[in-house]
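Letter by letter, the sequence shown follows residues 0 to 203 in numbering that gives the first Met the number 0.
In this text, a Cβ means the ideal position worked out from N, Cα and C, and glycines have one as well.
Step one of this worksheet: look at the structure below.
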Amino acid sequence: MQIIDISIEIFENMPTYPGNPNVSFTPVIKRNSQITTISFGTHTGTHIDAPLHTIPSGSPIDAIDLEAFVGPCTVVDFSQKNILSISGPMLEKISLTKNNKVLFKTDNSYSEGEVFTKDYVYIEPSAAEYLAQQKVSLVGIDALSIKKSGDTDNTPHTALLSKNIPILEGINLKAVSEGEYFLVCAPLKLKGLDGAPARAFLIK
0 MQIIDISIEI FENMPTYPGN PNVSFTPVIK RNSQITTISF GTHTGTHIDA PLHTIPSGSP
60 IDAIDLEAFV GPCTVVDFSQ KNILSISGPM LEKISLTKNN KVLFKTDNSY SEGEVFTKDY
120 VYIEPSAAEY LAQQKVSLVG IDALSIKKSG DTDNTPHTAL LSKNIPILEG INLKAVSEGE
180 YFLVCAPLKL KGLDGAPARA FLIK
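Structure (structure tokens):
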């Protein structure tokens with residue numbers, strides 16, 4: 000059995016999506032123990048978007064059934080394809096299984112800059128709508144957001160989250176080949192919130 004960690008580290012002053020809080024760690028001095036106060040947003044690093052993120056009446060992260068985060072998963076490799084985005088027509092050529100989870104590997108996985116870059120590969124509205132129609136159970140991508148940076152069209156989020164399809168963002172698939180895996184991604188159980196950081200890994 001092979002276990003592949005696809006999470007990225009959370010560290011102070013790490014790159015975050017524009018408008019999101021910066022990450023800070025503050026040591027708390029306690030006799031005979033070490034404690035740290037941590038400060039960051041719910042959409043920091045590898046994280047899950049809950050429906051509440053963009054759907055006002057949507058489910059918060061703690062209300063999502065754990066089955067949504069565990070199960071068969073298909074990794075689709077779009078890296079080294081010289082593409083700027085993933086469209087619906089591109090996905091029509093791929094076999095997707097109903098209720099399966101799908102992760103998209105792109106050139107983003109090979110970008111290890113110390114600052115946020117807006118020129119990442121993203122999922123177009125047509126692709127998100129197609130994935131929702133195919134009734135996949137989770138969609139993941141190796142970027143801090145599923146949509147184009149700064150775009151006011153939030154369809155890539157709403158098309159999926161309105162169908163209660165969680166979105167896994169901020170993964171790194173550099174060490175992962177295209178194929179079938181078993182995904183485990185466990186978000187923090189933050190009561191009533193719109194998302195949460197998660198530890199995600201694939202089992203082969």
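According to DSSP, residue pairing for Ala199 in a beta bridge involves Cys184. Gly139 is bridged by DSSP to Leu102 and Leu167. Judged by DSSP in its simplified three-state form, Ile60 adopts helix.
Rounded to the nearest whole angstrom, the C-alpha separation of Ile37 and Val22 is 8 Å.
In this structure, the CA atom of Tyr119 is about 13 Å from the CA atom of Lys80. Following the DSSP letters along the chain, one finds Pro124 inside the alpha helix (DSSP H) bounded by residues Pro124 to Gln132. In the structure shown, His156 falls within a helical segment according to DSSP collapsed to helix, strand and coil. In the assembly as shown, Gly194 is a buried residue. Its beta-carbon has 16 or more other beta-carbons within 10 Å. Taken through DSSP and simplified to helix, strand or coil, Tyr121 comes out as strand. Taking 9 Å as the cut-off, the beta carbon of Phe68 is found closer than this to the beta carbon of Pro186.
For the pair Gly44 and Phe181, the CB atoms are not nearer than the 9 Å cut-off.
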